Amino acid sequence: MSRVMFMVGETSGDTLAVELLEAMRQAGQEVEPFGAGGPKMEAAGVELDIDLTEHAVIGIWEAVRNYGKFKGFFDQLLQLALDRKPDAVICIDNPGFNLRFVRALRKATSVGDWRPKIIYYISPQLWAWHESRVHQIAADVDQLLAIFPFEKKWYAERAPELPVDFVGHPLTDRYPDLEFRDPKSQQRPRKLLLLPGSRAKEISRHLPVMAQAAAAVDAEPMVVFANESLAAQAKLLVPEVADWDLRIGGLHEALPEADVAIASSGTVTLECAWFRVPTVVLYKTSWITYLLGRLFVKVKHIAMPNVLAGREVFPEFIQRDANEVNLAREANRFLDDPGRRLELREELDVIADSLGGRGAAGRAAESVGRLLKN
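In this text, residue positions in the sequence shown follow the numbering used here: the first is 64, and each later residue adds one.
Pasting the structure below:
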């Protein structure tokens with residue numbers, strides 16, 4: 064029985080951890096899981112010391128404002144690791160917290176007989192914002208599990224001593240068998256899917272401008288919220304939401320119904336691409352976070368489908384440019400131009416084919432299993 068500590072701080076990571084843990088169990092790996100995570104992990108049998116997903120924030124300035132709270136969680140989890148001495152620590156995404164955690168853990172275990180294996184699942188996007196940290200990761204991490212095809216080569220060129228496995232993207236397991244409508248045809252009435260984000264701050268920043276744009280788009284709006292609390296917040300913020308087709312969860316059911324989407328930048332844009340939904344991407348954050356981001360971020364695009372394509376296949380708008388005029392114009396262009404939809408479908412097919420095929424969680428579990436045996 065291997066003691067495995069999970070380090071998860073975001074809702075998306077909560078899902079990933081459960082998928083990985085289930086794949087490990089299916090592979091016959093006997094593990095005693097504990098650590099930080101969310102409600103899905105707890106339901107799957109993880110002994111949860113802290114639910115970090117309740118405290119997730121977005122943006123550099125937001126993280127700085129909450130430094131004291133996260134420092135307390137950090138110290139508590141580091142002490143937990145030192146007390147429980149797991150055989151392996153699996154960090155899932157959340158680089159702002161987890162990269163510092165593995166550095167502190169390595170320093171704390173530099174002497175003595177106990178040195179846990181450290182696995183990082185979902186590569187920190189150093190290629191986007193902090194290439195100089197690659198050698199520190201190589202020193203601290205025993206195995207990196209990448210979900211995008213270009214990452215293995217990127218690390219090999221900069222830190223060949225770091226073991227990296229490309230395991231594929233989890234989307235390939237979650238939605239393996241999809242059927243798509245002919246991009247040249249549309250249903251009536253046409254449907255506009257609004258995806259304002261999974262956190263309260265994102266809802267407050269994105270939903271008002273989305274509602275203004277929806278009023279100028281020739282399609283019936285539907286909106287998906289992650290939970291009832293966000294839906295209640297949305298109704299207070301934008302009363303007309305109550306008259307829309309409002310869903311709590313069920314994104315994978317809403318996407319096949321959509322003719323076009325307006326979505327907050329994040330994992331959801333890749334889900335839109337996977338379901339071949341033409342999407343307009345927006346993102347609004349605090350101006351401090353935005354200005355700091357412009358100093359550090361090295362990629363041209365914020366939406367992952369655009370990063371993978373190397374060009375803007377989904378129109379994207381940030382800060383002031385994320386206004387109702389731009390959003391509505393691009394959404395209507397997708398609705399009214401069959402040729403553009405067909406061209407986009409072909410590009411999204413290429414992106415989807417690059418994500419590794421079915422079995423991503425199983426391949427990740429195999430990598431973890433090999434490391435635990437060694």
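All C-beta atoms, glycine included, are put in the ideal place defined by N, C-alpha and C. Since we're looking at a predicted model, the values are computed, not measured.
- The alpha carbon of Asn369 has as its nearest neighbour, out of Ile381, Val280, Gln382 and Thr332, the alpha carbon of Thr332.
- The Cβ atoms of Val280 and Ala391 lie closer than 8 Å to each other.
- As computed with DSSP, Phe97 is found in a beta bridge with Met68 and Glu110.
- In the three-state reduction of the DSSP assignment, Leu225 falls in the coil class.
- For the set Leu115, Met64 and Ser327, the Cα lying nearest the Cα of Gly159 is the one of Leu115.
- Assignment of beta-bridge partners to Ala294 by DSSP yields no partner.
- Between the C-alpha atoms of Ser349 and Leu256 there is a straight-line separation of about 25 Å.
- Annotated as distal: Leu145 and Ala167, with beta-carbon spacing of 8 Å or more.
- Under DSSP, Gln206 shares a beta bridge with Ile182.
- Restricting attention to beta strand (DSSP E) runs no shorter than 3 residues, the segment 260 to 327 encloses them at 283 to 288, 308 to 311 and 323 to 327, ordered along the chain.
- Distance from Leu309 to Ala294 at the Cβ level is roughly 6 Å; contact confirmed, criterion being Cβ atoms closer than 8 Å.
- Scanning its chain for C-beta atoms nearer than 8 Å, with the 5 sequence neighbours on each side dropped, one finds around Ser186 the residues Leu207, Leu208, Ala209, Ile210, Phe211, Glu214, Tyr218 and Val227, in chain order.
- DSSP places Phe377 outside both helix and strand once states are collapsed to three, so it counts as coil.
- Under a 10 Å Cβ-count criterion, Asn437 is classified as exposed, with fewer than 16 other Cβ atoms of the shown protein chains found around its own Cβ.
- DSSP lists Pro284 and Val323 as the bridge partner or partners of Leu255.
- When beta bridges are read from the DSSP output, Cys154 appears opposite Met70 and Tyr183.
- Contact between the segment 87 to 106 and the segment 69 to 79 is established, with three or more Cβ pairs separated by less than 8 Å.
- Under the DSSP definition of a beta bridge, Leu345 partners with Ser327 and Phe380.
- If you ignore the 5 residues before and after Asn389, its C-beta comes within less than 6 Å of the C-beta of Phe380, all in its own chain and listed in chain order.
- For Ile414, the enclosing alpha helix (DSSP H) covers residues Pro401 to Asp416.
- Counting the other CB atoms within 10 Å of its CB gives His198 a total below 16, which places it among the exposed residues.
- Here the segment 311 to 325 lies against the segment 273 to 293, with 3 or more beta-carbon pairs under 8 Å apart.
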